[in-house]
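Report on the structure given below.
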Amino acid sequence: MEKEELKVLNKGEEEEMELQGYRLCRLRLALVGLGVLCTGGFLLLVLYWKPEWCVKATCVPTMACDAEVVLLQSTDEFRRWFLAKVQVILAPGSNPFHNLETQTTSPSSPSFPSCPFSSSVPSMANGDTLPSSDGITARELIRRYVDYQPTRIRYFTLHSTKYYWNDRVQNFEVLTGLDDLHVTPSALHSEHSKGLTRNQQEYRRQFFGLNRIEVKVPSVFKLLIKEVLNPFYIFQLFSVILWSADEYYYYAVAILIMSFISIATSLYTIKKQYVMLHDMVAAHSIVRVSVCRANNDIEEVMSTDLVPGDMIVIPSNGTIMPCDAVLVSGTCIVNESMLTGESVPVTKTNLQNTLPGESGDEVMSPYSIEEHKRHTLFCGTNVIQTRFYTGELVKAVVVRTGFSTAKGQLVRSILYPKPTDFKLYRDAYLFLLCLVGVAGIGFVYSIVLSIINKVSAKTIIIESLDIITITVPPALPAAMTAGIVYAQRRLKNIGIFCISPQRINICGQINLVCFDKILEEATEEETALHNHIMPTVVRPSKQLLPPQPMSPEQDMELYDLPVQYEIGIVRQFPFSSALQRMTVVARLLGEKRMDAFMKGAPEVVARKCKMETVPDNFAEVLECYTKQGFRVIAMAYRRLESKLTWHKVQNVNRDHIETNMEFLGLIIMQNKLKTETPAVLQDLHRANIRTVMVTGDNMLTAISVARDCGMILPQDTVIISDAIPPHDGQAARITWRCADKSSMAAHLKEVNISLEDVCHIDEPKEQERYHFAMNGKSFAVISEHFPDMLSKLVLHGTVFARMAPDQKTQLIEALQDVDYFVGMCGDGANDCGALKRAHSGISLSELEASVASPFTSRTPNISCVPSLIREGRAALITSFCVFKFMALYSIIQYISVTLLYSILSNLGDFQFLFIDIAIILVIVFTMSLNPAWKELVAHPPPSGLISGPLLFSVLSQILICFGFQTLAFIWVQHQPWYTIWTPLSDACNVSSHTNMSNLNRSEVDDHNIQNYENTSLFYVSCFQYLIVAIVFSKGKPFRQPSYKNWLFVVTALILYFFLFVNMFYPAEAIDEFLEIVCVPLDWRLKLLLIIVVNAGVSVVVETFFIDIVLWKVVFSRDKQGIAPAASPPQKGTELLADKCMYCPNKVTRKARYMHLAQELRVDPDWPPKPTTTTEAKACPENGSSYQIMTIS
């Protein structure tokens, strides 16, 4: 069949994937089976590791609508492959929202949009009937609707999400819930508030499944199989079989024990994480709920039976929400800390049932969970209390169930996290490929050498394959994770918890941090300095006053208020971050008319008030207070019409109340900086780490706070970007103004400034330092209409105010697009998306919302940020050190074995065992213990292994080790006492007397292990392992010096002592165990000379030549984002750009923000002048540009 073009699932979303349909081919399946038999099962392993190869090898492409198997590939930078089997069920209808009770045929109800998720078939196949979630089979359900044509529902499940085939769009789509219908609030009240019958509920359950977020804890056997089939363990199994065939039993057993410990530890950790997540999700997941049926009956059911469209009753004493539901009557007080991190209860009001003649955005727009979240009860949140004034029940319509709910999406993000992309890991794989290439050379060399020496075929195969197992060290993964584990433990000791250990290394590369919370509440002493606002008591009119007198410590005599101040709240419109305001409708007891009170952002409240009530100097007064860093909210009031009765107020539209209000005044509040904030930001600035404020506060307030905390220096210029979307035929435009100067109106003068790359290079000019500031609305306009300018703005953007949760995430992505390593520090409130998207998200909340963040700090302030970056840098340098050491270990052992192969010899079993266990593992796990350096330095560590200094370091040490091993190998053969060693040889005693211990050896060394070359290389190589361990174990400026790592120092000294003692005072038992032969004293002294010179050369080359000469002179231009420590962080990229642009040997920058810094430094028209307006107008004759109009 002709190959169909790729389908795109979840287009434009984070989980966007490309889909290709396949059907099973029996011929290909038979050929693959034959290949599995011929390769001894290895082909099956390869197909298990590569699902895309498995599908393409056993299936043929087909149309997606006929596919039996679908192959999916993510469209992100990771390009991951997924395999899913298409399943088929039979149902009495194709649309879950069809009303089967009132129809006799299967066309769509006019009340609902068409949603044909399947195709009708004339008959049912027995194999297509699957049981539904509640035990009722689809066939039994179809029998209840004999007039319906049974339809085949095709779907597949991926990452706990079901994708159904939609005939109308010819693609697979996700059924999320009731919001798929795009119903308006009025339609939701009229068509979905009557409840469902049992048959309708069972029918919908065929599509949506049981309402449960099920985290299945895999059995130990399944986890074991999955872990054992890891390519690393398969390679270890291959190595063990090979060593056993070569009679290296002890070493094979040691590797098996190491692997068993590693697998057991991994299984325990994975199992524990699954159990913890399962317990977190299972708590309160299944409860009994009251469901309103279509016949007005109320029935008690389990929460797992709920489906979208069910009407549930919220109990008055509260409950844990088992689903996402929208309130249609009554109000609720809810604790949403599980989602937002805020433990402050929020009020949820019912979605209004608008009257036919009413208009407004909320009336006409369809219901959306995000836009109407103030009316939505989210799964997992705790309903504390419900309230309905007429005594009626508080009801809600189920919108989403299972993994489609807010809690389900959070659990899915934990179960199926996005892979971590870091240059270190990519470079590690490339380096391993290089080692495999070196092993291939040794493989060919050993085969050729063995054929020349007429070695048996069995020996050729074993020894040639053995050199591959030597080159790729089996302990590499465990060694690489040691530093991360130690860093995680140190972070835990300082109150920072990590659920994604691999991100600790990435923290070492952070060069920009976004902050949400850097303020704290005012103290009681500071509050006493200002005038108090008399509070209003809300209580029932007949409430008795307490007989006991008030305590003298209380400042407010609340009970002295007269009865006429007792008011009742009739209706509440809760605060919305989108609307930036809240309103209550209240009535003074005894009065007939009601009053509406509003508070919110001053600029928003002023627009809702009568113009004559807003003072003329409103803008000036507001600007005066916000510039001083005060938090300002406005108050407004309105006396409602007498015709608005209590019942009408309950159903009136919000826009009808919030209009023609009377401006009352401003409330000024002050929040001071947290005491540790300035010092923390100063530490980050000294380390050339940019700091950015992302907040929901007023922009001028945010700018003032940024100046107070040091983000913006007093002499710096702040340019505010006010963007206006297109309207009335005018294009979108940006008005630039200075934060400290009022804008002046004047005539416009047009100037064209191209935003294309500037090709000419002038001498660097001295520019004043500047920062951009903008609010969320401007950010949205710039992102949509000025995408080319956004990257230039974020390069110097410091203050982003009034940012919505999704805009915070978009800002993180914009910063990452210009190659910043971004950290995000927030308290969990509306920050979950940004915390997950950042390279390093740090939550200051200990609540369940912190589960979305890789890091959680027990200390609720930003002092954790420098500590995390310091530990990240230490862990990253430790990973470099360990990887370099393990690479040298493999190459040193490879050189030893290759040299010994030339004389048909090899290292002994116990020599391998001593090197790998006593030296390598002990050194690796102790050299990783260096703690982080006490302060942040001005430049970050390198991000990858493929860099000049690191590669030169490894290559130079390889050449040094190769040279001295070759010297020892050749020199020993030219000694006057040298002969081919035999059990009767006695080079230690040059007299005619024969060593009796050697005479007693009747065993013949078949492997030719015992010889002078072997002994010499064994000693030299053992000392080389210790030498490179010390040389690579660097301390400052990212880790504490190695001499402070006492465990590493003691271990190294013990090994040095053991080797020196055994070399000069050999013990017969040790020599026999290690298969070492006795050599003369003068040769031992020559070996000592070789070792000492080797150590001296290695230290000089690594410490002096690489660290001082190459790193600081030659390779300094490769370091990105590095500037002098005294320069501010926002200036750092500019200084480095100048330094690199005008140096003779220009080096191409990899980071995009470096390219932008170079371009902007030579652009005479950047930054935009505070007297210009940028209009989104294309100029075809000049390419992509904007029209700049200058206000003179």
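Here the sequence shown stands for residues 129 to 1320, numbered as in the numbering used here. Where is the CB? At the ideal position from N, CA and C, for every residue including glycine.
Practice problem: Just grab the DSSP bridge partners of residue 752 for me. | Solution: Along the sequence shown, read from residue 1 onward, the residue named residue 752 stands at position 624. Paired residues: none, contrary to the question.
Quiz prompt | Beta carbon of residue 559 nearer than 8 Å to that of residue 1073 | solution = One-based indexing of the sequence shown puts residue 559 at position 431. One-based indexing of the sequence shown puts residue 1073 at position 945. At the C-beta level, residue 559 and residue 1073 come within 8 Å of one another.
Quiz item: Counting Cβ pairs closer than 8 Å, one from the stretch 1211-1224 and one from the stretch 1095-1113, do we hit at least three?
Solution: Short answer: they touch.
Quiz item: If you count every other CB in all the chains shown that lies within 10 Å of the CB of residue 936, and 16 or more means buried, which is it?
Solution: The residue you call residue 936 lines up with position 808 of the sequence shown. Counting other Cβ atoms within 10 Å of its Cβ, residue 936 reaches 16 or more and is therefore classed as buried.
Quiz prompt | Own chain, CB closer than 8 Å to residue 749, minus 5 neighbours either side, in chain order | solution = Here the question's residue 749 lines up with position 621 in the sequence shown. Within the same chain, residue 749 has close Cβ partners 743, 794.
Quiz item: Nearest chain B C-beta to residue 204 closer than 8 Å, yes or no?
Solution: Here chain B cannot be found, since the structure has a single protein chain.
Practice problem: Indicate whether the contact test is met: 3 or more Cβ pairs, each with one atom in the stretch 605-612 and one in the stretch 780-789, closer than 8 Å. | Solution: With a cut-off of 8 Å, the stretch 780-789 and the stretch 605-612 do not count as touching, because too few Cβ pairs lie within range.
Quiz item: Thinking C-alpha only, which one of 135, 445, 337, 377 is nearest residue 293?
Solution: Counting from one through the sequence shown, the residue named residue 293 turns up at place 165. With distances taken between Cα atoms, residue 293 lies closest to 135.
Exercise. Jot down the residue ranges of each uninterrupted beta strand (DSSP E) in the stretch 966-1028, minimum 3 residues, whole runs only, in chain order.
Key: Counting only unbroken stretches of 3 or more residues, the beta strand (DSSP E) elements lying wholly within the stretch 966-1028 are 968-971, 983-985, in sequence order.
Quiz item: Is it right to say residue 192 is buried, meaning 16 or more other beta carbons lie within 10 angstroms of its own, or is it exposed?
Solution: As a first step, residue 192 must be located in the sequence shown, where it is residue number 64. Looking at its Cβ environment, which holds 16 or more other Cβ atoms inside 10 Å, residue 192 is buried.
Exercise. Please check the pair residue 1011 and residue 556, which I expect to be a contact at CB under 8 Å, by giving their CB distance rounded to whole angstroms.
Key: Numbered from 1 along the sequence shown, position 883 holds the residue referred to as residue 1011. Numbered from 1 along the sequence shown, position 428 holds the residue referred to as residue 556. Distance from residue 1011 to residue 556 at the Cβ level is roughly 6 Å; contact confirmed, criterion being Cβ atoms closer than 8 Å.
Quiz item: Cα-Cα, which of 203, 729, 148 is closest to residue 140?
Solution: On the sequence shown, residue 140 is found 12 positions in, with the first residue counted as 1. It is 203.
Practice problem: Kindly indicate which residue of 339, 1156, 512, 163 has the alpha-carbon position closest to the one of residue 1227. | Solution: By one-based count along the sequence shown, residue 1227 stands at place 1099. Nearest neighbour of residue 1227 by Cα position, chosen from 339, 1156, 512, 163, turns out to be 1156.
Quiz item: What do you reckon, are the CB atoms on residue 1385 and residue 733 nearer than 8 Å?
Solution: The chain is shown from 129 up to 1320; residue 1385 falls before or after that span and cannot be answered.
Quiz prompt | Whether residue 723 touches residue 766 by CB criterion (8 Å) | solution = Residue numbering aside, residue 723 sits at position 595 when the sequence shown is read from its first letter. Residue numbering aside, residue 766 sits at position 638 when the sequence shown is read from its first letter. Their beta carbons are under 8 Å apart, which means residue 723 touches residue 766 by this criterion.
Practice problem: Out of 168, 163, 194, point me to the one whose CA is closest to residue 185's CA. | Solution: Indexing the sequence shown from 1 puts residue 185 at position 57. If we check each option's Cα against that of residue 185, 163 comes out closest.
Quiz item: Considering only residues of the stretch 1149-1183, which uninterrupted alpha helix (DSSP H) runs meet the minimum length of 4 residues and lie entirely inside it, listed in chain order?
Solution: Segments of the alpha helix (DSSP H) lying fully in the stretch 1149-1183: there are none.
Quiz item: Starting from residue 763 and walking both ways along the beta strand (DSSP E), at which residues does that stretch end?
Solution: Here the question's residue 763 lines up with position 635 in the sequence shown. Segment 759-767, the beta strand (DSSP E) holding residue 763.
Practice problem: Output the distance between the C-alpha atoms of residue 344 and residue 1167, rounded to the nearest integer angstrom. | Solution: Stepping through the sequence shown from its first residue, residue 344 is reached at position 216. Stepping through the sequence shown from its first residue, residue 1167 is reached at position 1039. One C-alpha to the other measures close to 41 Å.
Quiz item: Which stretch, first to last residue, makes up the beta strand (DSSP E) that contains residue 1105?
Solution: If you number the sequence shown from 1, residue 1105 lands on position 977. Residue 1105: not part of any beta strand (DSSP E); DSSP gives it neither H nor E.
Self-check item: Distance CB(residue 939)-CB(residue 949) smaller than 8 Å
Solution: Residue numbering aside, residue 939 sits at position 811 when the sequence shown is read from its first letter. Residue numbering aside, residue 949 sits at position 821 when the sequence shown is read from its first letter. No, they are not a contact pair.
Quiz item: Of all the options 304, 511, 458, 338, which has the alpha carbon lying nearest to the alpha carbon of residue 430?
Solution: Position 302 of the sequence shown, counted from the first residue, corresponds to residue 430. Of the candidates 304, 511, 458, 338, the one whose C-alpha sits nearest the C-alpha of residue 430 is 338.
Self-check item: Rounded straight-line distance, which links the Cα of residue 201 to that of residue 727
Solution: Looking up residue 727 in the sequence shown gives position 599. Looking up residue 201 in the sequence shown gives position 73. Rounded to whole angstroms, the separation of the alpha carbons of residue 201 and residue 727 is 49 Å.
Quiz item: DSSP puts residue 855 in a beta bridge; with which residues?
Solution: Sequence index remark: in the sequence shown, residue 855 carries index 727 (1-based). According to DSSP, residue 855 bridges with 858.
Self-check item: Residues bridged to residue 864 (per DSSP)
Solution: Looking up residue 864 in the sequence shown gives position 736. DSSP lists 849 as the beta-bridge partner residues of residue 864.
Self-check item: Span of the alpha helix (DSSP H), counted from its first residue to its last, around residue 810
Solution: Indexing the sequence shown from 1 puts residue 810 at position 682. In the DSSP annotation of this structure, the continuous segment of the alpha helix (DSSP H) that includes residue 810 starts and ends at 805-814.
Self-check item: When 1211, 1230, 1102, 1051 are compared against residue 1174, the one with the closest alpha-carbon
Solution: For the purposes of this step, residue 1174 is taken as residue 1046 along the sequence shown, with counting starting at 1. Of the listed residues, the one whose Cα sits closest to residue 1174 is 1051.
Quiz prompt | Candidates 589, 600, 592, 545, of which the one nearest residue 631 by Cα | solution = On the sequence shown, residue 631 is found 503 positions in, with the first residue counted as 1. When 589, 600, 592, 545 are compared, the shortest CA-CA separation from residue 631 is found for 545.
Quiz prompt | For residue 299, the residue or residues it bridges with in DSSP | solution = Reading the sequence shown from its first residue, position 171 is the one you call residue 299. According to DSSP, residue 299 bridges with 294.
Exercise. Have a look at the DSSP bridge pairing and note the partners of residue 789.
Key: Residue numbering aside, residue 789 sits at position 661 when the sequence shown is read from its first letter. For residue 789, the beta-bridge partners assigned by DSSP are 737.
Exercise. Can you check DSSP and say which residues form a bridge with residue 643?
Key: As a working mapping, residue 643 is identified with position 515 in the sequence shown. Per DSSP, 821, 953.
Self-check item: Under 8 Å between C-beta atoms of residue 1177 and residue 1171
Solution: Numbered from 1 along the sequence shown, position 1049 holds the residue referred to as residue 1177. Numbered from 1 along the sequence shown, position 1043 holds the residue referred to as residue 1171. Annotated as proximal: residue 1177 and residue 1171, with beta-carbon spacing under 8 Å.
Exercise. Indicate whether the contact test is met: 3 or more Cβ pairs, each with one atom in the stretch 210-220 and one in the stretch 171-178, closer than 8 Å.
Key: The stretch 210-220 makes no contact with the stretch 171-178, as fewer than three CB pairs between them are under 8 Å.
Exercise. Can you grab the Cα-Cα spacing for the pair residue 845 / residue 897, in whole Å?
Key: Numbered from its first residue, the sequence shown carries residue 845 at position 717. Numbered from its first residue, the sequence shown carries residue 897 at position 769. If I take the Cα positions, the gap works out to 6 Å.
Quiz item: What separation, rounded to the nearest whole angstrom, lies between the Cα atoms of residue 300 and residue 963?
Solution: In the sequence shown, residue 300 corresponds to position 172, counting from 1. In the sequence shown, residue 963 corresponds to position 835, counting from 1. The alpha-carbon atoms of residue 300 and residue 963 are separated by roughly 30 Å.
Quiz item: For residue 951, which of 1092, 1106, 1154, 970 has the nearest alpha-carbon?
Solution: In the sequence shown, counting from the first residue as 1, residue 951 sits at position 823. A check of alpha carbon separations from residue 951 across 1092, 1106, 1154, 970 identifies 970 as the nearest.
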